[in-house]
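These notes are about the structure you will find just below.
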Amino acid sequence: MSDRSHLIFAGKPFQFDAERDAEFEHLVKRYPTRESMILPALWLTQEQEGWVPAEAIAYIADRIGTFASMVYEAATFYTMYNLHPVGRHHICICRTLSCWLRGKQEIVDYLANEIGIRPGEISEDGRFSLEEVECLGHCGTAPVVQINGEFHENMDVEKLKQLLAGLR
Amino acid sequence: MEVRILSRNFDIADAHLLEVAKQHGAYATLEKVFAMPPADVTDEVKNSGLRGRGGAGFPAGLKWSFLPKGLDKPVYLTVNSDESEPATFKDRYILTRDPHLLIEGIIICCYAIGCHDCYIYIRGEYTTQRKALQYAIDEAYAAGYLGEKVAGHDFKLDVTIHRGAGAYVCGEETALLESIEGRKGQPRSKPPFPAVAGLYGCPTIINNVQTIASLPFILANGAAAYKAYGTEKSPGTHLFGISGHVEKPGMYELPLGLPLLEVIEKVAGGVWRGRKMKAVIPGGSSTPVLTPEEAATTTLDYESMAAHKTMFGSGGIVVLDETVDVVKLTKNLIDFYHHESCGQCTPCREGLGWMLKIVKQLLRGEGTIADIELLRELCDNIEMKTVCVLSAACTMPVRSYLDKFRSEFVAYATDRP
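Line by line, the protein sequences are chains A and B.
The first sequence begins at 330 in this note's numbering and counts up by one.
The second sequence begins at 288 in this note's numbering and counts up by one.
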């Protein structure tokens with residue numbers, strides 16, 4: 330378990346845009362209970378905003394017709410929901426077994442020493458944020474890095490350098 | 288040594304597209320299946336000896352037969368695509384390279400168990416994989432393989448992808464159900480088992496992606512054809528993931544029963560950089576480790592693994608070379624399970640944290656031999672004292688490292704002899 334109990338307010342009202350609204354209405358028909366929409370709605374929020382602001386919790390609860398505490402519980406339990414803003418390029422490095430065996434630490438060290446970001450941090454210009462995550466299921470092509478959802482396999486410092494240079 | 292049953296279309300360009308998949312036999316089994324009584328489909332799967340490929344290895348057909356008969360409630364199928372056990376990376380090949388094989392398997396299973404609503408629980412990290420699968424599902428709907436009349440038959444079936452969001456514990460089947468219902472992934476006490484009271488309180492079957500994807504071959508060719516692969520008690524093939532310190536890591540489909548070391552040598556190219564092998568993790572990070580001597584007599588099937596006091600698990604084989612520091616590896620593992628503990632049971636939530644503290648203390652050069660004994664004692668006191676087996680998934684391998692590589696732990700102790 331990790332401490333993820335704090336929500337941050339974005340300071341502006343939240344609601345789904347037209348695309349997410351349609352997706353919500355499509356998905357809600359696929360479940361016999363509306364509470365099943367809690368995780369999908371949190372995903373839609375994150376796709377729209379890049380993270381889950383505190384304002385979204387009440388909005389989702391209202392939309393589903395459930396308690397805000399139910400939505401809060403899911404948002405804080407599931408570690409992929411970002412409870413704070415992330416960089417334009419959110420870098421996830423797998424820290425588990427096979428990636429650890431095949432040199433993930435060199436990549437983490439490179440980012441700390443050369444780019445100046447450590448796990449849990451966001452760069453001052455908002456360009457990168459970094460997170461060490463548990464097994465990403467790409468052990469046969471370890472180490473693996475995931476940037477904004479895209480997998481980059483057989484990673485090393487040289488390849489990462491080139492990759493980051495292309496990301497503004 | 289490799290075979291192509293599940294992976295037969297993996298190397299065909301664009302096999303994830305319905306048009307190409309159909310050219311290579313996708314959905315061809317359905318005519319035959321719909322002509323059979325559902326109970327016969329279950330029997331065929333039972334006879335094939337197919338065991339759950341998610342890690343527990345429970346016979347698939349038998350699991351289906353636990354569904355109560357004559358209940359006035361819907362039956363659900365949930366496909367477990369959480370694939371989060373470290374060193375496991377097999378199901379995603381099915382999702383991206385042959386998703387229609389999975390959908391065909393889902394149709395077969397749902398027909399057999401009388402299910403009209405299937406949920407595929409996919410881990411949140413599988414972004415591209417989810418898109419590939421959703422695309423295939425949309426194609427299957429458009430072509431009439433899903434929806435009101437599956438392949439023109441009087442059988443309705445809806446398939447919905449439910450995305451997880453980074454919780455390993457949701458691979459545990461009741462935590463998975465909690466997650467679909469919108470709650471945090473905390474496992475339920477059993478009984479009742481999901482086959483009796485599962486999703487939304489209704490009878491529910493939960494099967495792994497690979498298990499379901501094995502069905503089209505079994506129904507097309509018969510149980511005997513499937514049993515022609517593997518051993519008598521562990522029939523069939525498996526998608527093995529070989530990673531760690533080997534020359535050619537990757538996913539390989541092999542019949543069960545092959546000698547472990549021969550597979551590492553011939554299929555995965557042997558230990559990398561000309562180094563010696565220190566140990567092998569046979570079936571995902573939660574399975575007890577094997578020394579090279581033990582590995583020499585181990586074959587890749589459920590019985591041989593059990594005889595060596597370890598488990599077949601998810602088929603995720605990890606080779607450790609001679610340079611691996613077993614104490615640091617143990618820390619990496621405990622870190623994982625401690626982080627992934629759902630927090631419901633005290634022995635797991637607090638105990639794994641305690642274990643982590645002890646290993647960190649040893650690594651800092653501040654631990655003693657008594658701490659090593661305490662670590663061993665904690666394993667015994669945590670295991671099987673929790674609702675689910677997440678804590679055991681940590682204590683079982685840790686105990687094996689402590690017992691088989693004790694000298695490495697002792698070397699960190701301040702009072703080492």
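Every residue gets a Cβ at the ideal spot worked out from N, C-alpha and C, and that includes glycine.
By the C-beta criterion, the stretch 470-481 of chain B is judged not to be in contact with the stretch 430-438 of chain B, since fewer than 3 inter-stretch pairs fall below 8 Å. Secondary structure of THR447 (chain B) (DSSP, three-state): strand.
Bounds of the beta strand (DSSP E) holding GLU540 (chain B) are 537-542. Segment contact: the stretch 429-448 of chain A against the stretch 480-496 of chain B, fewer than three CB-CB distances shorter than 8 Å; contact not assigned. Close to GLY537 (chain B), with beta-carbon spacing below 9 Å, are these residues of chain A in chain order: GLY469, THR470.
Under the 10 Å beta carbon count, PRO324 (chain B) is surrounded by fewer than 16 other beta carbons and is classified as exposed. In the DSSP secondary-structure assignment, HIS418 (chain A) is bridged to A:PHE457.
According to DSSP, VAL558 (chain B) shares a beta bridge with B:VAL533.
In the three-state reduction of the DSSP assignment, MET683 (chain B) falls in the helix class. ALA582 (chain B) sits close to LEU548 (chain B), with the two beta carbons spaced by under 8 Å.
Distance from the CA atom of VAL320 (chain B) to the CA atom of LYS691 (chain B), rounded to whole angstroms, is 50 Å.
Interface annotation, GLY416 (chain A): not in contact with chain B, CB-CB separation never under 8 Å. In this chain, MET592 (chain B) is not harboured by any beta strand (DSSP E); it is covered by the alpha helix (DSSP H) spanning 589-594. When only Cα atoms are considered, LYS488 (chain A) and HIS532 (chain B) end up about 20 Å apart. Between the beta-carbon of ALA300 (chain B) and that of LEU389 (chain B) there is about 19 Å, and that puts the pair past the 8 Å contact cut.
A direct Cα-Cα distance of roughly 14 Å separates GLN416 (chain B) from THR447 (chain B). In the pairwise beta carbon analysis, the stretch 343-358 of chain A is classified as not touching the stretch 397-404 of chain A: fewer than three pairs are separated by under 8 Å. GLN434 (chain A) is classed as exposed because its beta carbon has fewer than 16 other beta carbons within 10 Å across all chains shown. Separation of GLU590 (chain B) and ILE393 (chain B) (C-alpha to C-alpha, rounded to the nearest whole angstrom) is 28 Å. A distance below 8 Å separates the beta carbons of PRO472 (chain A) and CYS423 (chain A). The contact set of PRO361 (chain A) on chain B, defined by CB atoms closer than 7 Å, consists of TYR487 in chain order. For GLU670 (chain B), the number of other beta carbons within 10 angstroms of its own is at least 16, and it is reported as buried. With distances taken between CA atoms, GLN377 (chain A) lies nearest to A:ASN411 out of A:THR362, A:ASN411, A:ALA441. Using a Cβ-Cβ cut-off of 8 Å, TRP380 (chain A) does not count as an interface residue toward chain B, since no Cβ of chain B sits closer than that to its own.
Listed along chain B are GLU412, THR414, each with a C-beta nearer than 9 Å to that of GLN475 (chain A). Beyond the five residues adjoining it in sequence on each side, GLU372 (chain B) comes within less than 6 Å, by CB distance, of GLY571, SER601 in the same chain, given in chain order. C-alpha of GLY401 (chain B) to C-alpha of ARG340 (chain B): approximately 22 Å in a straight line. The three-state reading of DSSP puts PRO346 (chain B) in strand, counting E and B together.
As for any alpha helix (DSSP H) of minimum length 4 sitting wholly inside the stretch 296-357 of chain B, the runs are 305-310, 317-321, 325-335, 347-351, ordered along the chain.
For the options B:ARG651, B:LEU486, B:VAL614, B:ALA680, the alpha carbon positioned closest to that of LYS360 (chain B) is the one of B:LEU486. Across the structure, MET538 (chain B) and GLY394 (chain A) are spaced so that their CA atoms are roughly 45 Å apart. Identification of chain A residues near ILE529 (chain B) by a Cβ-Cβ cut-off of 8 Å yields GLY469, ordered along the chain.
The Cβ atoms of LEU420 (chain B) and LEU463 (chain B) lie no closer than 8 Å to each other. By the criterion of a C-beta distance shorter than 7 Å, CYS666 (chain B) is surrounded in its chain by THR682, VAL685, ARG686, once the five residues flanking it on both sides are discounted. Sequence-ordered contacts of the stretch 461-490 of chain B with chain A read SER466, ILE467, GLU468, GLY469, ARG470, LYS471, GLY472, TYR487 [C-beta pairs closer than 8 Å]. Closer than 8 Å to the CB of MET399 (chain A) there is at least one CB belonging to chain B.
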